[in-house]
Amino acid sequence: MDSPGTEFDSLLPPLSLNRRGFLTTTLAGGFTLAAGPVMAQTVVRTDTNGLVAGEVRIPVRDGEIPAYRAAPAGRKNAPVVLVVQEIFGVHEYIRDVCRRWAKAGYLAVAPELYARQGDPSKYTEIAKLAAEVVSKVPDDQVLADLDATARWAAAHGGSRSRVGVTGFCWGGRIVWLYAAHNPAVKAGVAWYGKLVGDPTALQPLNPVDVAAQVKAPVLGLYGGQDAGIPLTSINAMKDALAKGGPAARESSFVLFRDAPHGFHADYRPSYREADAKEGWRLARDWFARHL
0 MDSPGTEFDS LLPPLSLNRR GFLTTTLAGG FTLAAGPVMA QTVVRTDTNG LVAGEVRIPV
60 RDGEIPAYRA APAGRKNAPV VLVVQEIFGV HEYIRDVCRR WAKAGYLAVA PELYARQGDP
120 SKYTEIAKLA AEVVSKVPDD QVLADLDATA RWAAAHGGSR SRVGVTGFCW GGRIVWLYAA
180 HNPAVKAGVA WYGKLVGDPT ALQPLNPVDV AAQVKAPVLG LYGGQDAGIP LTSINAMKDA
240 LAKGGPAARE SSFVLFRDAP HGFHADYRPS YREADAKEGW RLARDWFARH L
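When we follow numbering that gives the first Met the number 0, the leftmost residue of the sequence shown carries the number 0, and every step to the right adds one.
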């Protein structure tokens, strides 16, 4: 196993400690209510046979956050995939995604990145969840927590030098930011993450703002019928990436022309099976090539 060192430590931005404390201490079971009715007939269920899987605790600079980890049983120095949650937090869909990566030979871990701000499983309305929890999550906190998760993975059977990051929706945006933040990351896969937008005090930059600083090639998987992410924003991101270094220029987009936002989320009406399966194949190939 790669030995933990100080490379990730040097990347950690300072965190403010005058928060309300940690509001999520364990991961919720099932699916987040705000995601709406579960489409049971399309839900993909991945078993834990041959895996080590379950909740773990990630030490961060101001305490601990819960996370879900899945990895091949008995494997040492497994390549690591950091899985970044949707707006709905680390619920059953994200846990299953971790198990899918573990079945493919990776140590996959999804930290609950809203742990200090609230419990997304308690909300029934997306707008309220966004206003009361998601909007209050600072980007610097998220990036630092992902650094801590990578360190944890390296100390618990994962590779220190073969690290990738993938995320969906809210997490897709974070993938781009993290690929620009952490030079130890080798590749990213961003599923329909926001690329442009108005800055806020807690989210001061969007992917288009840091595209030229991307340090690992990112594969962007986007839906052509995603009303919230128009083709103009994808083209703006492509133009910004073209001005960067080799990793930025190697980054690539695949547009699924008939797919809406959330087309990989098999528990929601937005799910498009053929596009989801093709996207997953492309994601696996991308990580196999770069990790």
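Heads up, the beta-carbon is just placed ideally off N, CA and C, and yes, glycines get one too.
Boundaries (first-last residue) of the alpha helix (DSSP H) holding residue i
| i | result |
| --- | --- |
| T231 | 230 to 240 |
| Y92 | 91 to 102 |
| S174 | It is worth fixing the name first, because residue 174 is Val in this sequence and not Ser. Looking at the DSSP string, the run of the alpha helix (DSSP H) that includes V174 is 169 to 180. |
Alpha-carbon to alpha-carbon, residue j and residue i
| i | j | result |
| --- | --- | --- |
| A27 | G261 | 21 angstroms |
| P203 | D139 | 10 angstroms |
| T24 | P65 | 6 angstroms |
| V188 | T41 | 23 angstroms |
| E63 | A77 | 23 angstroms |
| A107 | T231 | 33 angstroms |
| P13 | A273 | With a pLDDT of only 36 at P13, under 50, the local geometry of the prediction cannot be trusted, and the value read off the model is given with reservation. About 43 angstroms. |
| W169 | K75 | 31 angstroms |
| G291 | A101 | No information on residue 291 is available, as it lies outside the stretch 0 to 290 that the chain covers here. |
| V96 | A200 | 31 angstroms |
Three-way DSSP call (helix, strand, coil) for residue i in this model
| i | result |
| --- | --- |
| I86 | coil |
| F252 | strand |
| E131 | helix |
| L142 | helix |
| T24 | coil |
| T45 | coil |
| V209 | helix |
| V188 | strand |
| E111 | coil |
| R56 | strand |
| L201 | coil |
| L290 | coil |
Opposing strand residues paired with residue i [DSSP bridges]
| i | result |
| --- | --- |
| V162 | V79 |
| A282 | None, per the DSSP bridge assignment. |
| L106 | V79 |
| G196 | Its beta-bridge partners do not exist; DSSP assigns none. |
| L50 | P71 |
Bounding residues of the beta strand (DSSP E) (the contiguous stretch that carries residue i)
| i | result |
| --- | --- |
| Y67 | 62 to 71 |
| Y221 | 217 to 222 |
TODO: Flag this pair as touching only if the region 134 to 150 and the region 31 to 49 have three or more C-beta atom pairs under 8 angstroms; answer yes or no.
DONE: no
TODO: Give a yes or no on contact between the region 57 to 76 and the region 141 to 157, applying the rule of three or more CB pairs nearer than 8 angstroms.
DONE: yes
TODO: Assess, as a yes-or-no matter, whether the region 224 to 235 is touched by the region 121 to 132 under the definition of 3 or more beta carbon pairs within less than 8 angstroms.
DONE: no
TODO: Evaluate the contact criterion for the region 110 to 128 versus the region 75 to 88: three or more CB pairs, one atom per stretch, below 8 angstroms.
DONE: yes
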